[in-house]
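Below: the structure, in structure tokens.
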Amino acid sequence: MGLLDGILRRRQPDWCRECRLEMEESGEQLFALPCMSVGHYVEHTDPEFYQENLYAVAQRADIPPGMYACAAIQYRCSGCGKRVTVLNPFLPVRDQEKREGSIVFRNGELDDVWRQ
Numbered sequence: 377m378g379l380l381d382g383i384l385r386r387r388q389p390d391w392c393r394e395c396r397l398e399m400e401e402s403g404e405q406l407f408a409l410p411c412m413s414v415g416h417y418v419e420h421t422d423p424e425f426y427q428e429n430l431y432a433v434a435q436r437a438d439i440p441p442g443m444y445a446c447a448a449i450q451y452r453c454s455g456c457g458k459r460v461t462v463l464n465p466f467l468p469v470r471d472q473e474k475r476e477g478s479i480v481f482r483n484g485e486l487d488d489v490w491r492q
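Sequential numbering of the sequence shown, starting at 377, is according to the numbering used here.
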């Protein structure tokens, strides 16, 4: 692996910074964000906000119209066991998703959310 490739890989959420190994996807979950609706999206980076406001849903049809949702992916390092959670907030609009970017939590801040 070249130097530039190594630098770029460390910025990816599925790359363990400690072990320098590619992390395995260990789970996906869809969450509703009832506190945010059309025109009221604010990006939050504090994990407490998501711990209090994410509600697991089984499918996209379970999200009420006009309410934001988060597609969440959790990665796990096979070397050290560290977990990383990536949240991808979006607004479901008809058959599309208006994405708002990604929020990465690298220190296990949202591990409890996966046990709901």
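Using N, Cα and C, we set each Cβ at its ideal position, and we do this for glycine too.
Report yes or no: do the region 415–428 and the region 389–400 share at least 3 C-beta pairs separated by less than 8 Å? no
Between E473 and P465, is the Cβ-Cβ spacing less than 7 Å? As a working note, residue 473 is residue 97 in the sequence shown. As a working note, residue 465 is residue 89 in the sequence shown. No, Cβ-Cβ distance for E473 and P465 is not below 7 Å.
Could you check which residue in A447, S413, I439 has the C-alpha nearest to that of V480? Locating residue 480 in the sequence shown gives position 104, counting from the first residue. With distances taken between Cα atoms, V480 lies closest to A447.
Secondary structure of N429, DSSP reduced to three states: Reading the sequence shown from its first residue, position 53 is the one you call residue 429. N429: helix per DSSP, three-state reduction.
Which residue from E485, C395, G415, R396 puts its Cα closest to that of M443? In the sequence shown, counting from the first residue as 1, residue 443 sits at position 67. Comparing Cα positions, the closest option is G415.
For S402, would you say it is in contact with chain D, using Cβ-to-Cβ distances shorter than 7 Å as the test? No chain D appears in the structure shown, which is made up of a single protein chain.
Nearest neighbour of P441, chosen from Y451, R470, Y431 [CA to CA]: For the purposes of this step, residue 441 is taken as the residue at position 65 of the sequence shown. Considering only alpha carbons, the answer is R470.
CB-CB under 7 Å to I449, same chain, minus the five flanking residues each way: which ones, in chain order? Locating residue 449 in the sequence shown gives position 73, where the first residue counts as 1. Cβ within range, chain order: E401, E404, V462.
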